[in-house]
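Take a look at the structure set out below.
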Amino acid sequence: MNRLEISNPDDQSSCSSYEQYSLLNCLTVNTDGSKIPEMLEKSAAGSTLGECLTLLHGPEAPASPVPNAEGHKRKWLDVVLDHPRDCDLKNATQSSKQLRGSMDLERLSMLDKPSLSSGYYAWSIADEKKLYVKDVSMKDTSNTVTTTDITEDDVKAVVNILGTVLQQVKEDVRRDMMSKIGDNGSTYVPSAAIQFLLRLNHTETSNDIDSPRATALATELYCLMTGFMTVYLVFIEILLQELLPGSSLEAYMECFAEDNVFRLPDDIFLWHHLHSRRQTTILDDLRQRLKVSGIRFRSLQLVDSIFSRFYTTHFLEAAAQKHRKDHGQFYTPQSVVRFMWNRCLSPKDRKGGHVPRVFDPCMGIGSFLCEFLTGLIDTSLRTPSICNSAERLEQLLHDIAENVWGVEIDPFAYHLGKLNFMVHLFPLYRRLVDLNRNQIPRIGRLRLFCNDTLKLTEQHGASLTNVISAWERDQLRQLRDATIKFDYIVTNPPYMIRKTGFITVPDPALYDDHVLGGKGTQAYMYFMWIALQRCNENGGQVCLITPSQWMVLEFAEHLRSWIWQHCEMTEIFQFEPYKVWPKVQTDSLIFCLRMRSSSNQITETKFLRHLSRKMTLEDILRSYASFDKRNPDPLITYKITPTNATFVHKSNHASFSFLSPTSSVSDRLVSLTGHLPKLCDGELRTCDTVSPEAPLVWHRGPNTHPVYALVVRTRWALDTFGKDTCERWLRPVFYWSGKSSSTSADQTSSKEALFWHNRDALRLSKENSPAEAYVPFGRVDEQDGKTSFYSMILVDKEGAARLTNEHKEYGDTARDAALHRYLSEARSLLQPNKTDRQLAWCHFNKCGIEIPVKIVHPINFGYFTRTQPRQRFFIDREQQCLTNQCMYFTIKPECNLSAEYFCGILNSSTLQFFIRDNCYYDQQGRTRFFGKHMARIPFSPPNAIHAAAMTSCVQDLIATREWIYGIIRLAGLRTTMEKVRRCDWDIREADKALMTPYNGTDWRQRVRLDKTHWIDRQMHEDSTRSARVSMAEDLTRLLKIASLFQYCIDHMAYAIYNIPVDLQQGLEQELGLALTEAWQETVHAQTMPVEQWWPDALELARSIVG
1 MNRLEISNPD DQSSCSSYEQ YSLLNCLTVN TDGSKIPEML EKSAAGSTLG ECLTLLHGPE
61 APASPVPNAE GHKRKWLDVV LDHPRDCDLK NATQSSKQLR GSMDLERLSM LDKPSLSSGY
121 YAWSIADEKK LYVKDVSMKD TSNTVTTTDI TEDDVKAVVN ILGTVLQQVK EDVRRDMMSK
181 IGDNGSTYVP SAAIQFLLRL NHTETSNDID SPRATALATE LYCLMTGFMT VYLVFIEILL
241 QELLPGSSLE AYMECFAEDN VFRLPDDIFL WHHLHSRRQT TILDDLRQRL KVSGIRFRSL
301 QLVDSIFSRF YTTHFLEAAA QKHRKDHGQF YTPQSVVRFM WNRCLSPKDR KGGHVPRVFD
361 PCMGIGSFLC EFLTGLIDTS LRTPSICNSA ERLEQLLHDI AENVWGVEID PFAYHLGKLN
421 FMVHLFPLYR RLVDLNRNQI PRIGRLRLFC NDTLKLTEQH GASLTNVISA WERDQLRQLR
481 DATIKFDYIV TNPPYMIRKT GFITVPDPAL YDDHVLGGKG TQAYMYFMWI ALQRCNENGG
541 QVCLITPSQW MVLEFAEHLR SWIWQHCEMT EIFQFEPYKV WPKVQTDSLI FCLRMRSSSN
601 QITETKFLRH LSRKMTLEDI LRSYASFDKR NPDPLITYKI TPTNATFVHK SNHASFSFLS
661 PTSSVSDRLV SLTGHLPKLC DGELRTCDTV SPEAPLVWHR GPNTHPVYAL VVRTRWALDT
721 FGKDTCERWL RPVFYWSGKS SSTSADQTSS KEALFWHNRD ALRLSKENSP AEAYVPFGRV
781 DEQDGKTSFY SMILVDKEGA ARLTNEHKEY GDTARDAALH RYLSEARSLL QPNKTDRQLA
841 WCHFNKCGIE IPVKIVHPIN FGYFTRTQPR QRFFIDREQQ CLTNQCMYFT IKPECNLSAE
901 YFCGILNSST LQFFIRDNCY YDQQGRTRFF GKHMARIPFS PPNAIHAAAM TSCVQDLIAT
961 REWIYGIIRL AGLRTTMEKV RRCDWDIREA DKALMTPYNG TDWRQRVRLD KTHWIDRQMH
1021 EDSTRSARVS MAEDLTRLLK IASLFQYCID HMAYAIYNIP VDLQQGLEQE LGLALTEAWQ
1081 ETVHAQTMPV EQWWPDALEL ARSIVG
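In full-length UniProt numbering, the protein residues as written are 1 to 1106.
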């Protein structure tokens, strides 16, 4: 049980004698487990906990009640908590069976197990949670002493206290540094620290190093780091003193020889701690703050959480956000760390005393290694044969130092991680002190190194001191050559690769370029390779947490092939974006791997995906841990796949999507359409995606770099270049600005902002994509209401040569001098490091300007969401230019189907499902419409009736949408476009109010003058319509028939692809679509052929318009 209480222990009436009172009083304050050797010997012999407690009585107690009970209580508290080794309680005579009062003996008896009374953690509960004591015994208002699990609030309180102290210490560091002024009058910072901090912040040029801004930034970070290290060490000192009263951090460090932090030759972060220790001010301040909080540590429970949160909150988030972002560092929640170890640790390695070989190639502050140590040491100290043997304990320390390895590239995190590691060895030291009072334990050199795991060379070691010993050189050689193999490699590798900062280009000698040399390879893939190459082939385990993209995207194709051939994936657990890390929008995977071996039996891969987005991370971890496929959790979708090496998986680019849980809808659709030709030819350079029967050709617009400088606002171009130049060189372009601000991530003006600031500030205003289904909703020039808002400068290599020659001949009097000057400035200011050309230009032959009809869509679409529930293909017959923001289809000449037909098919629910399954680039369904993805989608050739019906329906929907867009523009409606996308017709009151002024006016003439379509005629020809039908009523009717037409398009596609009704229902349920529910009682598309229900639906649409 977790709680022991004695109601009013000072009440002598509840005790028959002082002996009984002193025993009760001692019991209430000793629930962290006694360190008395006699008790350990007794428990080791198999005595119950109740019998062991008889040892807790002092020989000096009188036989009658004691008048000054409170005084004795204080005395026993001091003896038990502060001087346990000096407490002689051998001659106790009071039996535990004679205990009286309100103590729950039934609870006590539940702990009468030898396995729970065999070490420090005799009072640890069965789920291995360690206990701590909230010291309330000295408070006059308390009648109860409680032992309970440390809470989340306690962790937060400690972290807040440490953060408060850090703020003051940081200022102390700054003040002390000011007393050391450099020759130039600047604040003194050690040169090694300057180099380290400038590297941290990616300052690359020598000029930047001497700049005031760089020095000020380095000084600020250095004060934070030195202050953080000081508080970190002071907290450790207090922690160790509470775990072993009378001890000191300095004395404990003597155990570590060369790893003693107080003996480092040149540690630039330690000087302030050494200076402040002599004054004891910080130590006393922090100890007092912790005492006031009521928290006293009796074990290392949740110390890892305190360390990692203190580091994340008060270092990374406080002043090093760029540091964390550029490293891809996001420190792992302790619950996730513990879950990962629980998934991979074998039963034999859960027993105490045995130390398998463990490696963390990116150890950070040591969370993963320390979690392993916690489990190992706890189990060992609950094993009598180990706990009571100094020889076994010393061997355990030796094995830990020799078998547990870690590498970290960041020197500051490395120092913190090394200290954290040492703290977690303290329980073994404490026990050895108890057994050998006169002998200080000696701990061998730790295999923890400051180095670049992706290089592992001497040049990348000892980053601050530039000194590396022969011993360290030899250890690194073993790591680099992979001559040493590990039983467990458990970690959270950095997500991103950067050419600046700490993580640089990996050493090709450490990886197979064929497997990892592809474009788009991220840092975590290199760490995966490092781990797998060093994993013991006989039962070794690798457990990592990474993004999910590598499982399916093309850039990891060769790595997946290698893994399937050489490894077995045993378990995969998926987590939604923001679930593991609240600020990270990428979803995460925890997965376990082991090397294939002839000794392994044929096993299976278990892939679990939790469907709840409301459950906490801890709840999801518990659900995953307790999953039983014989009685599965309904909130978990799962798939079991054989890992047999002979299993042949039919997937494009060796995708691991076949491991992922799939619906029966997806499986049935694949079976139903597998024989069909493909929708389009893919990217022309990828010959394996070409399909001779495909009706469409995929294209992508050109790059208009530098940073879209070849796209300008049309009105600005007319004013700057003149009408004649614009007519010669510019054409309308479908484009939207994605810039969100005028500053970059480090709060300095970006090159784009500086370039456009004095030219056209409106160019950088962030916009939503104007792409909408069937008809785009693009911006137009506000002055004439017709001209395209943006234009593209069609200057290619030959055009740039013409402009250059004209400028050489005529100078500033050349007819296009203003355009030449702009392109020259764009090149020099936006791409200053490139000197191969004088003007900015691009190959615009792919922009589509020569193509009379194209079907367009943004190439990056993201998720299907409530506000973006469907894809948005539209037809362009205006020959607009496109940039690489968009892809577009053209119809092959031999295909006799219309653009309207394909636009309908591409916007149907059937194609939406195929897009979701084929165009995603992560496990959450974010989509990119790349040619290689679109070329996987099946195409079902229609019959003439279906083709004609689809074309007619799309033409009607285009006319309807043009009317809707016209009303939205005229009245300035704010939320109606969302209704259009969702096929809804319930207009909000705010938009209705915006339309009221137009009632009774001839607004229809201002929206659309064309009267060729039947909708136009019905909207215009009734002369009384303006008087009897309001704008809001007309808009509601138009929205309703737009919804009806989309319903018809969906069901025409079902008929064309021969999808049965039950599969239609499953498909729409998975996509979250509700159109069928809205219209199925009115238009019977599920039970009738298209040629019968389409005329009825068209007649219904005419009646709705009125």
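C-beta: ideal position from N, C-alpha, C; glycine also.
C-alpha gap between residue i and residue j, whole angstroms
| i | j | result |
| --- | --- | --- |
| residue 227 | residue 170 | 5 Å |
| residue 121 | residue 376 | The predicted model places residue 121 with a pLDDT of 27, which falls under 50 and marks its position as unreliable; any figure quoted below should be read in that light. One C-alpha to the other measures close to 13 Å. |
| residue 1115 | residue 1008 | Any property of residue 1115 remains undetermined from this structure, which presents the chain solely from 1 to 1106. |
| residue 412 | residue 615 | 35 Å |
| residue 46 | residue 393 | Unreliable positioning characterises residue 46 in this predicted model, as indicated by a pLDDT of 43, which lies under 50. The coordinate reading is nonetheless provided below. Taking the straight line from one Cα to the other gives about 21 Å. |
| residue 331 | residue 893 | 56 Å |
| residue 666 | residue 842 | 42 Å |
| residue 1027 | residue 1033 | 12 Å |
| residue 798 | residue 828 | 19 Å |
| residue 712 | residue 790 | 6 Å |
| residue 912 | residue 996 | 37 Å |
| residue 957 | residue 1042 | 6 Å |
| residue 1106 | residue 1096 | 16 Å |
| residue 714 | residue 591 | 52 Å |
| residue 102 | residue 445 | Reliability of the predicted coordinates at residue 102 is poor, the pLDDT of 31 falling under 50, and no value is obtained from them. |
| residue 564 | residue 558 | 10 Å |
| residue 605 | residue 403 | 29 Å |
| residue 645 | residue 587 | 28 Å |
| residue 1071 | residue 395 | 59 Å |
Environment of residue i [buried if 16+ CB atoms lie within 10 Å]
| i | result |
| --- | --- |
| residue 692 | exposed |
| residue 696 | buried |
| residue 326 | Caution applies to residue 326, whose pLDDT of 43 falls short of 50 and renders its modelled position unreliable; the value that the coordinates give is listed next. Residue 326 should be labelled buried. |
| residue 49 | Unreliable placement is indicated for residue 49, whose pLDDT of 38 sits below 50; the coordinate value is still reported in the next sentence. Answer is buried; the Cβ neighbour count reaches 16. |
| residue 427 | buried |
| residue 356 | buried |
| residue 351 | exposed |
| residue 42 | Low per-residue confidence applies at residue 42: pLDDT is 40, beneath 50, and the placement is therefore not dependable, though the value from the model is reported in the following sentence. It is buried - the Cβ of residue 42 has at least 16 other Cβ atoms within 10 Å. |
| residue 635 | exposed |
| residue 1061 | exposed |
| residue 810 | exposed |
| residue 1101 | buried |
Three-way DSSP call (helix, strand, coil) for residue i in this model
| i | result |
| --- | --- |
| residue 388 | coil |
| residue 1086 | coil |
| residue 533 | helix |
| residue 992 | helix |
| residue 857 | strand |
| residue 511 | coil |
| residue 784 | coil |
| residue 835 | coil |
| residue 842 | coil |
| residue 282 | helix |
| residue 241 | helix |
| residue 302 | coil |
Spatially closest choice to residue i from the options, by CA coordinates
| i | options | result |
| --- | --- | --- |
| residue 640 | 822, 634 and 629 | 629 |
| residue 277 | 846, 299, 250 and 1048 | 250 |
| residue 1046 | 966, 1092, 1001 and 949 | 949 |
| residue 886 | 919, 851 and 929 | 929 |
| residue 434 | 424, 389, 835 and 401 | 389 |
| residue 318 | 1011, 224, 512 and 958 | 224 |
| residue 373 | 908, 983 and 488 | 488 |
| residue 921 | 572, 555, 299 and 1091 | 555 |
Integer Cβ distance of residue i from residue j, believed to fall under 8 Å
| i | j | result |
| --- | --- | --- |
| residue 567 | residue 544 | At roughly 12 Å, the Cβ-Cβ gap does not stay under 8 Å, so residue 567 and residue 544 are not in contact. |
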